[in-house]
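Student: I have a structure I would like to understand better, so I am pasting it below and will then ask my questions one at a time.
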Amino acid sequence: MHRRIVGWVLLCLWAGQMSRAQEFKVWNRTVQVHGFASQGFVYTDKNNWLTMNTSQGSGAMTDMGLNMSAQLTDRFRVGAQVYDRNLGQLGQWHPSLDWAAGDYRFTNWFGIRAGKVKTSLGLYNDSQDLDFLHVFALLPPSVYPTDLRDTTIAHAGGDLYGNVPLRHQLGDLSYTAYAGHRSDSIYSGYPYLLTQWKVYFHNLGGLQYGGDLRWSTPVKGLLMGASRMNEETTGQGQFVDSFNPSAGLVPYQVSTTTSWTNQFYGEYVVQRLRIDAEYRRKAFGQPYGGNSSVNDDVRGWYVAGSYRIVRKVQVGTYYSHYTLTNVIVGPMRAVSPDQIDTSLPQNHIYDKVISARIDLNRFWNVKIEGHFMDGYAAGPYPNGFYPQVNPNGFTPNTNALILKTGFHF
Amino acid sequence: MKPSRLLITAGFMIVGALNVIAGDVKIIGNVSVKADSISTGELKSVFLLQRRTLKDGSAVVPVLEKSGATHEAFLRQYLDRGSEEIHTYYQGLVFTGKGLMPKELNSDTEVVAYVARTRGAIGYVSGGASTEGVKVLVVSDGRGAERTLLTRVEPEYPETLQRLQIGGVVRLAVTISPKGAVENVALLGGNPILAEAATKAVKQWVYAPGPSQTTIEVTMPFESHR
Chain A
5 MHRRIVGWVL LCLWAGQMSR AQEFKVWNRT VQVHGFASQG FVYTDKNNWL
55 TMNTSQGSGA MTDMGLNMSA QLTDRFRVGA QVYDRNLGQL GQWHPSLDWA
105 AGDYRFTNWF GIRAGKVKTS LGLYNDSQDL DFLHVFALLP PSVYPTDLRD
155 TTIAHAGGDL YGNVPLRHQL GDLSYTAYAG HRSDSIYSGY PYLLTQWKVY
205 FHNLGGLQYG GDLRWSTPVK GLLMGASRMN EETTGQGQFV DSFNPSAGLV
255 PYQVSTTTSW TNQFYGEYVV QRLRIDAEYR RKAFGQPYGG NSSVNDDVRG
305 WYVAGSYRIV RKVQVGTYYS HYTLTNVIVG PMRAVSPDQI DTSLPQNHIY
355 DKVISARIDL NRFWNVKIEG HFMDGYAAGP YPNGFYPQVN PNGFTPNTNA
405 LILKTGFHF
Chain B
156 MKPSRLLITA GFMIVGALNV IAGDVKIIGN VSVKADSIST GELKSVFLLQ
206 RRTLKDGSAV VPVLEKSGAT HEAFLRQYLD RGSEEIHTYY QGLVFTGKGL
256 MPKELNSDTE VVAYVARTRG AIGYVSGGAS TEGVKVLVVS DGRGAERTLL
306 TRVEPEYPET LQRLQIGGVV RLAVTISPKG AVENVALLGG NPILAEAATK
356 AVKQWVYAPG PSQTTIEVTM PFESHR
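Encoded structure:
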C-alpha cells in the first residue's frame, strides 16, 4: 500500500508537468492531449460491494484514460480516447477504445458525429467515468451503476446533434439523435453476474438507438431534459447445463425481446450551489425457456446537491432510490414466482450519501464519501452486490466508506 | 468657435438597443467578425461551444483568460458560472469527444494580440485595456428595448480638423440610466479628436425613462467636405 501511495504522488507530480505540454503541432494543426486516472479505496461494514472484497478494505478501484483531438478545419474535428479500468472482478485491465470519432458541424443547429461515440443519456451517462468532473466518488448508483457502465456508455455509429435558440427569450434546445452498435465488455457486471450460473460470454451487445433533448430554460441556471434509448441485445458464449453437467461447456445464446430506457432530468446551478435530479426506468425482457419470457423493470431516481464552500473544497449529498421487479410470463411462471415486492431488501437499494472533495491543485483531487445503504437488490440484474463475492449471503444494510484520488491534465 | 459650419448629417443612427457589458469587461473580436454587436444569448452559446457562427454568418471561435478579475466578471455575467465550473464544463466536452479545450491566455495583452491575428476570434478584456487592432463588440440583451431621445445637443466640430477637412464617423456605446441620464460613453471607433467632441455632446443628452439601464450604440458622422 505504501508503495502504491508513493507511486500515485509521483504520478500526480508528473501529471502536473504534463499539463504544461498538452499540445503539439502536426501538419500545422494543433493536437490536444488530455488524460486522467483515479484510484479508490473502499471499505464496507457488511456486504462486499462492487465485486471487491470491501469488507476487508479494497483498493481494486483504478481507472485511466488518454485522448487526443484536433480541429482539422473550421467545421471538422477528430479525436479518440482509450480507457482502462480495474474494479474488483470487472475490467481486469483490458483497455478499450472509449470513443473515436469525426465530428462535422454544418451549422449551429446541425452536426454529425460518426465513429465510436459516447451515448447521450441523461446528465452524466457520457461523463460517468470522469471522476474529476464530479463532486461524488460514485455517481448515484440507482441511475449510474458503475458496474453496468458498458450497457449504456457508447455506440459505434453516429449522432446527429445541434443547438436551436428559441424565440421570445425562451432559452435554447440541444438535441442528439443516435444509432449504432453497442459492444459490452465481457468483463463488465452483467457477464460477471451470469458466471454464478456458469454462463461465460464471448460477446454481448447489439443495436442501440435513441435520442436526447435538453432545454436550457430562461430561468438562469435551470436545465431540463429527457432521453430515450432502445436496445436490441444478443450474446453468445458457453455454459454448463445444470440438467446435464457431464456435457461440459455447451454453446449459449441469449437475446432480448424488449429493452428500452427512459430518463428525465433537471439541473439547477446558482452560484456555488448545484442541484441535480434524475429518473431512469429501464425495462427489458428475454426468453426464459418453455415458451416463457422473463421481464425486468428497473427504476431509479436520485436528488443530489453540492456546494463549493471555498475554491478548493466542495461538499455534497444525495439520496439514490433503486428498485427492481422481475416477472415471468408464460408456463414457467408456475415454478418461478414474481419478485414484485420492492419493500424487500433483495429488490431495492436506498442509498444516502455524504461526500467531500478537496482540489489539491487544478489537476489533482481527493474525495471522501460515506454511503448508508438499505437493501442489496441482488436479483437477476445486478447493481453493485454480487453473490460470488458474498458466498455467505447478504445482510440487509451496508455502510461504505470511499476514499478516492484522481488527477487529470 | 463657429459651430454653424458643422454639418452633422442626418444626425444620429441608433443601431439598436443594447445592454452594456458590466463595468470593466469589453468584448472584442477579430476584424473578420462582421457583426458590431452580439446578443447575450449568442455570447453564451459561443463560449459554451454550442454555436460557431453568429446570426450574420460570421464564423467565431472563443478565447478566454486563464484567471483574474476580468475572467471572473465575464463568466459570472454572461455564462452564469464560476471559473472552476466553466473549466469542468469544457473538460466534460473534451473527455467525451464533444469538443476541444478553447484557447486560454494569461493577460489582456495576450488576448488582444491573439484576437487581432486570429480570424474569427472573440475574447474579452478589462475595460481599460488597449483594443488596438481588434473591434469592440457591443453586447445587446436581445430584447430590442428602445429609448427615446428627448434632448439632443449637437457636437462642435473641432476647428483644426474642420479647416483641414478631416472628417469621419464616430461610434459610441452610450449607457443610459433608468431615469434617462447618460451615465457613460465609451468609444467604439473613430478619430479620437472627433470622438472627444461627440462624447462631450452626448453626455448632455437626456432620454425618456426606461425599465432598466440600457446601452445603445450611436453612430455620429462628421462630414468635412461641406
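Chains as they are written, first to last, in the working numbering: chain A, 5 to 413; chain B, 156 to 381. For every residue, glycine included, the Cβ atom is placed at its ideal position computed from N, Cα and C. Quantities reported herein were computed from a predicted structural model and do not represent experimental measurements.
Quick check on A:I313: buried or exposed, where buried means 16 or more other Cβ atoms within 10 Å of its Cβ?
Tutor: Mapped onto the first sequence, residue 313 of chain A falls at position 309. So A:I313 counts as exposed.
Student: Quick test of your reading: A:G270 and A:A281, contact by CB under 8 Å. State the CB separation rounded to the nearest angstrom.
Tutor: Here the question's residue 270 of chain A lines up with position 266 in the first sequence. Here the question's residue 281 of chain A lines up with position 277 in the first sequence. Rounded, the Cβ-Cβ distance is 5 Å, consistent with contact.
Student: Check whether the Cβ of B:A228 lies closer than 8 Å to any Cβ atom in chain A.
Tutor: To locate residue 228 of chain B, count along the second sequence from 1; it is residue 73. Judged by the 8 Å Cβ criterion, B:A228 is not in contact with chain A.
Student: Leaving out five residues on either side along the sequence, give the residues of the same chain with a beta carbon under 7 Å from the beta carbon of A:G126.
Tutor: One-based indexing of the first sequence puts residue 126 of chain A at position 122. V147, S231, Q267, Y269, E282 and R284.
Student: Could you compute how far the alpha carbon of A:D67 sits from the alpha carbon of A:Q75?
Tutor: Translated into the one-based positions of the first sequence, residue 67 of chain A becomes position 63. Translated into the one-based positions of the first sequence, residue 75 of chain A becomes position 71. Going from the Cα of A:D67 to the Cα of A:Q75 covers about 27 Å.
Student: DSSP has A:P291 in a bridge; who is on the other side?
Tutor: Against the first sequence, residue 291 of chain A aligns to sequence position 287. A:S297.
Student: Rank B:V324, B:P347, B:K355 and B:V325 by C-alpha distance to the C-alpha of B:N339 and give the top, closest one.
Tutor: If you number the second sequence from 1, residue 339 of chain B lands on position 184. Closest option to B:N339, Cα to Cα, is B:K355.
Student: Do the segment 308 to 324 of chain B and the segment 271 to 285 of chain B meet, that is, are 3 or more Cβ pairs less than 8 Å apart?
Tutor: Contact between the segment 308 to 324 of chain B and the segment 271 to 285 of chain B is absent, because fewer than three Cβ pairs lie under 8 Å.
Student: Specify whether the segment 127 to 142 of chain A and the segment 176 to 183 of chain A touch according to this definition: at least 3 beta carbon pairs, one from each stretch, less than 8 Å apart.
Tutor: Not touching, per the Cβ criterion.
Student: Going along the chain, which residues of the segment 94 to 108 of chain A sit with their C-beta nearer than 9 Å to a C-beta in chain B?
Tutor: Flagged, chain order: D102, W103, A104, A105 and D107.
Student: Keeping to the same chain, check which residues put their C-beta closer than 6 Å to that of B:T330; ignore five residues upstream and five downstream.
Tutor: Residue numbering aside, residue 330 of chain B sits at position 175 when the second sequence is read from its first letter. Excluding positions up to five away in sequence, the list reads V175, E338, N339 and T370.
Student: If you draw a straight line from the C-alpha of A:G209 to the C-alpha of A:S359, how long is it?
Tutor: What you label residue 209 of chain A is simply residue 205 of the first sequence in a count that begins at 1. What you label residue 359 of chain A is simply residue 355 of the first sequence in a count that begins at 1. Cα to Cα, A:G209 sits roughly 34 Å from A:S359.
Student: Looking at the C-beta of A:P169, does it have a partner C-beta in chain B at a distance below 8 Å?
Tutor: Residue mapping note: residue 169 of chain A aligns to position 165 of the first sequence, counting from 1. Judged by the 8 Å Cβ criterion, A:P169 is in contact with chain B.
Student: Counting only beta-carbon separations shorter than 8 Å, does A:V121 have a partner in chain B?
Tutor: Within the first sequence, residue 121 of chain A is the residue found at index 117, counting from 1. Yes, because at least one Cβ of chain B sits closer than 8 Å to the Cβ of A:V121.
Student: Hey, does A:D245 have any beta-carbon neighbour from chain D nearer than 8 Å?
Tutor: Protein chains A and B are contained in the structure displayed, whereas chain D is not.
Student: In chain B, what lies closer than 8 Å to A:Q240 by C-beta?
Tutor: Position 236 of the first sequence holds residue 240 of chain A. Correct list: empty, because the minimum Cβ distance to chain B is about 29 Å.
Student: Touching or not, the segment 78 to 87 of chain A and the segment 54 to 64 of chain A, by the rule of three or more beta carbon pairs under 8 Å?
Tutor: No, the segment 78 to 87 of chain A is not in contact with the segment 54 to 64 of chain A.
Student: Can the beta-carbon of A:P175 be found closer than 8 Å to that of A:R117?
Tutor: Working through the first sequence from its first residue, we reach residue 175 of chain A at position 171. Working through the first sequence from its first residue, we reach residue 117 of chain A at position 113. It is Gly, not Pro, that sits at residue 175 of chain A in the sequence shown. No. Outside cutoff.
Student: For A:V307, which residues in the same chain have their Cβ closer than 6 Å to its Cβ, ignoring the five residues on either side in sequence?
Tutor: Residue mapping note: residue 307 of chain A aligns to position 303 of the first sequence, counting from 1. Closer than 6 Å at Cβ, skipping near neighbours: A281 and Y323.
Student: Could you tell me which of A:N207, A:Y204 and A:Y292 sits nearest to A:N330, measuring between CA atoms?
Tutor: Taking the first residue of the first sequence as position 1, residue 330 of chain A is located at position 326. A:N330 has its Cα closest to that of A:Y292, out of A:N207, A:Y204 and A:Y292.
Student: Return no unless some Cβ of chain A is closer than 8 Å to the Cβ of B:A177.
Tutor: The residue you call residue 177 of chain B lines up with position 22 of the second sequence. Because B:A177 carries a pLDDT of 39, less than 50, the predicted location of this residue cannot be relied on, and the following value inherits that uncertainty. Not closer than 8 Å to any Cβ of chain A, the Cβ of B:A177 fails to qualify, so no.
Student: Quick check: is the beta carbon of B:D235 nearer than 8 Å to any beta carbon in chain A?
Tutor: Position 80 of the second sequence, counted from the start, is the residue given in the question as residue 235 of chain B. Yes, B:D235 counts as interfacial toward chain A.
Student: Suppose contacts are defined by Cβ-Cβ distances below 8 Å. Is B:I183 in contact with B:V270 by that definition?
Tutor: Taking the second sequence and counting its residues from 1, one reaches residue 183 of chain B at position 28. Taking the second sequence and counting its residues from 1, one reaches residue 270 of chain B at position 115. Contact: yes.
Student: Residues of the segment 245 to 256 of chain B in Cβ contact with chain A at a cutoff of 7 Å, in chain order, please.
Tutor: Answer in chain order: Q246, G247, V249, F250, T251, G252, L255 and M256.
Student: Along the beta strand (DSSP E) that carries A:T111, what are the first and last residues, could you check?
Tutor: For this step, residue 111 of chain A is matched to residue 107 along the first sequence. That run of the beta strand (DSSP E) goes S100 to T111.
Student: Under 8 Å, do A:S296 and A:M233 count as touching if we go by C-beta distance?
Tutor: In the first sequence, counting from the first residue as 1, residue 296 of chain A sits at position 292. In the first sequence, counting from the first residue as 1, residue 233 of chain A sits at position 229. No, these two residues do not count as a Cβ contact at 8 Å.
Student: Ends of the alpha helix (DSSP H) at B:I241?
Tutor: For the purposes of this step, residue 241 of chain B is taken as residue 86 along the second sequence, with counting starting at 1. S238 to F250 is the extent of the alpha helix (DSSP H) around B:I241.
Student: Between A:V273 and A:G229, how many whole angstroms is the CB-CB distance? I'm expecting something under 8 Å.
Tutor: Residue numbering aside, residue 273 of chain A sits at position 269 when the first sequence is read from its first letter. Residue numbering aside, residue 229 of chain A sits at position 225 when the first sequence is read from its first letter. A:V273 to A:G229, Cβ: 14 Å. No contact.
Student: Report all residues from its chain with a CB closer than 7 Å to the CB of A:P391; omit the five preceding and five following residues, and keep chain order.
Tutor: On the first sequence, residue 391 of chain A is found 387 positions in, with the first residue counted as 1. The residues are Q200 and A382.
Student: B:S367 and B:S295 look like a contact to me (Cβ under 8 Å); what is the Cβ gap, rounded to whole Å?
Tutor: The residue given as residue 367 of chain B occupies position 212 in the second sequence. The residue given as residue 295 of chain B occupies position 140 in the second sequence. That belief does not hold up - the Cβ atoms of B:S367 and B:S295 are roughly 13 Å apart, past 8 Å.
Student: Measure from the C-beta of B:A214 to each C-beta in chain A and report whether the shortest distance is under 8 Å.
Tutor: What you label residue 214 of chain B is simply residue 59 of the second sequence in a count that begins at 1. So, interface residue.
Student: Let's see if you can read the secondary structure: which residues bound the alpha helix (DSSP H) around B:T225?
Tutor: Counting from one through the second sequence, the residue named residue 225 of chain B turns up at place 70. Start and end: A224 to F229.
Student: Using a Cβ cut-off of 8 Å (strictly closer), state whether A:T409 contacts chain B.
Tutor: As a working note, residue 409 of chain A is residue 405 in the first sequence. So no, A:T409 is outside the interface.
Student: How big is the Cα-Cα spacing for A:D154 and A:V317?
Tutor: Mapped onto the first sequence, residue 154 of chain A falls at position 150. Mapped onto the first sequence, residue 317 of chain A falls at position 313. Each residue's Cα considered, the two are about 31 Å apart.
Student: Look at the alpha carbon of B:G178 and the alpha carbon of A:W305, and state the distance between them as a whole number of angstroms.
Tutor: As a first step, residue 178 of chain B is located in the second sequence; it is residue number 23 there, counting from the start. As a first step, residue 305 of chain A is located in the first sequence; it is residue number 301 there, counting from the start. Residue confidence for B:G178 is low, a pLDDT of 44 falling below 50, so the modelled location carries little weight and cannot support an answer.
Student: Taking the C-alpha atoms as reference points, what is the distance between B:E197 and A:P222?
Tutor: As a working mapping, residue 197 of chain B is identified with position 42 in the second sequence. As a working mapping, residue 222 of chain A is identified with position 218 in the first sequence. Their backbone Cα atoms lie some 14 Å apart in a straight line.
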